[in-house]
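Engineer: Pasting a structure here, questions to come.
Residue numbers (our numbering): 45 to 396.
Here it is as structure tokens:
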């Protein structure tokens, strides 16, 4: 995912501090995993989106914030209209794939040859159904193709040429590579190829992987994650996004997670599943998310961010990177933020 390799001002997590964090996370009753209290029904539905963890320059911060808030509104409208959590996350991520400000769909970063290769993943928590595509080209909305893999095949992931042939069989239109490449992405690709290129500076200014998680009115959870990968990656490189348990995971018994950040580090700790395991042990969505990110930084030297929900509608947007654009919609209220500690709110006008 698009994320700088060093994070100024971010202190390294030492073994002692990591263990101190673990000690502060007190287990709570796990009975919530198998119950659906009536008093929590008014917390549903809920949808949360992220636009990628990393370093977003000030001049592009408004693009990131407006993008995720518009996407979460689109997903929330689906839920309010009676749609499923899967419908909602796919709608939200499709919106972000169609926004050239984000590293997914038409805003994807370029590989070492100057081409776009994209990964995407969806999962629903009722039956653990999932679908993914990796290293796909000429597809405007990889997240929709990933859903077709889930709905129309017995496989979990299709890649490259096989995914292309499947898309054709499903009537998914192909688009020219040029339509997925922005002038901004091309400029950054060329800049990164320069002999004197600063790798940290070259990774700045591009929002990363996009994702969404949701709980519908029936308590079903789902996740969706989509990305163009990392800038100047080797041709054929596949990151964490399409790998089940890494780029995302959804289970009605526990919750749903979508991740963003250093892809290889996310894979090393299987971040999404790691967070849900902590929730199975009784941790809250916030504590489990923080613990997963701390583990990834301590064990794999990686930074990132996550959005997490449980079946009762509790949600969290947490990150160890400098910034992460995120937004959530619940009880007709929009929440959003970009920097640590931010949680701005505004009312959502619902058309009845």
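Note that the Cβ used here is the ideal one computed from N, Cα and C, for glycine as well.
To the nearest angstrom, how far is the alpha carbon of residue 393 from that of residue 281?
Structural biologist: Here the question's residue 393 lines up with position 349 in the chain shown. Here the question's residue 281 lines up with position 237 in the chain shown. Answer to the nearest angstrom: the Cα atoms are 43 Å apart.
Engineer: Use the C-beta contact count for residue 196: other C-beta atoms within 10 angstroms, 16 or more gives buried, fewer gives exposed.
Structural biologist: The sequence position of residue 196 within the chain shown is 152, counting from 1. Burial call: exposed.
Engineer: I'd like to confirm the pairing. Which residues does DSSP put opposite residue 201 in its beta bridges?
Structural biologist: Translated into the one-based positions of the chain shown, residue 201 becomes position 157. In the DSSP output, where bridge partners are listed per residue, residue 201 has 176.
Engineer: Quickly, what does DSSP pair residue 321 with across the bridge? List them, please.
Structural biologist: Locating residue 321 in the chain shown gives position 277, counting from the first residue. Beta-bridge pairing links residue 321 to no other residue.
Engineer: With a threshold of 7 Å on Cβ separation, who are the neighbours of residue 169 within its own chain once the five nearest residues in sequence on each side are excluded?
Structural biologist: If you number the chain shown from 1, residue 169 lands on position 125. So the list reads 264, 265, 266, 294, 295, 296, 300, once near-sequence residues are dropped.
Engineer: First and last residue of the alpha helix (DSSP H) that includes residue 168?
Structural biologist: Residue 168 sits at position 124 when you count from the first residue of the chain shown. Note, residue 168: premise wrong, no alpha helix (DSSP H); beta strand (DSSP E) at 162-168.
Engineer: Between residue 201 and residue 214, what straight-line distance do the alpha-carbon atoms span, to the nearest angstrom?
Structural biologist: The sequence position of residue 201 within the chain shown is 157, counting from 1. The sequence position of residue 214 within the chain shown is 170, counting from 1. Spanning the two alpha carbons is a distance of roughly 15 Å.
Engineer: Which residues in the same chain have their Cβ closer than 8 Å to the Cβ of residue 86, if we skip the five residues on either side of it in sequence?
Structural biologist: In the chain shown, counting from the first residue as 1, residue 86 sits at position 42. Excluding positions up to five away in sequence, the list reads 375.
Engineer: Assuming residue 390 is part of the beta strand (DSSP E), what are its boundary residues?
Structural biologist: Taking the first residue of the chain shown as 1, we reach residue 390 at position 346. Element bounds for residue 390: 388-391.
Engineer: Restricting to Cα atoms, I'd like to know which of 147, 132, 319 is closest to residue 290.
Structural biologist: As a position in the chain shown, residue 290 is number 246, starting the count at 1. Nearest option by C-alpha distance: 319.
Engineer: Put residue 109 into one of helix, strand or coil per three-state DSSP.
Structural biologist: As a first step, residue 109 is located in the chain shown; it is residue number 65 there, counting from the start. Helix.
Engineer: At the level of alpha carbons, what is the spacing between residue 311 and residue 91?
Structural biologist: Reading the chain shown from its first residue, position 267 is the one you call residue 311. Reading the chain shown from its first residue, position 47 is the one you call residue 91. Distance between the alpha carbons of residue 311 and residue 91 is about 25 Å.
Engineer: Tell me where the beta strand (DSSP E) around residue 146 begins and ends.
Structural biologist: Reading the chain shown from its first residue, position 102 is the one you call residue 146. Note, residue 146: premise wrong, no beta strand (DSSP E); not H, not E.
Engineer: Give a yes or no on whether the C-beta atoms belonging to residue 16 and residue 340 are separated by under 8 Å.
Structural biologist: A question about residue 16 goes unanswered here, because the residues of the chain that appear run from 45 up to 396.
Engineer: Out of 285, 101, 236, 383, state which residue places its alpha-carbon closest to the alpha-carbon of residue 148.
Structural biologist: If you number the chain shown from 1, residue 148 lands on position 104. Residue 148 has its Cα closest to that of 285, out of 285, 101, 236, 383.
Engineer: Three or more C-beta pairs closer than 8 Å, one from the region 123-137 and one from the region 252-263: is that the case here?
Structural biologist: Touching, per the Cβ criterion.
Engineer: With DSSP as the reference, label residue 234 as helix, strand or coil.
Structural biologist: If you number the chain shown from 1, residue 234 lands on position 190. Residue 234 falls in the helix class under three-state DSSP.
Engineer: Leaving out five residues on either side along the sequence, give the residues of the same chain with a beta carbon under 6 Å from the beta carbon of residue 128.
Structural biologist: As a position in the chain shown, residue 128 is number 84, starting the count at 1. These residues qualify, in order along the chain: 260.
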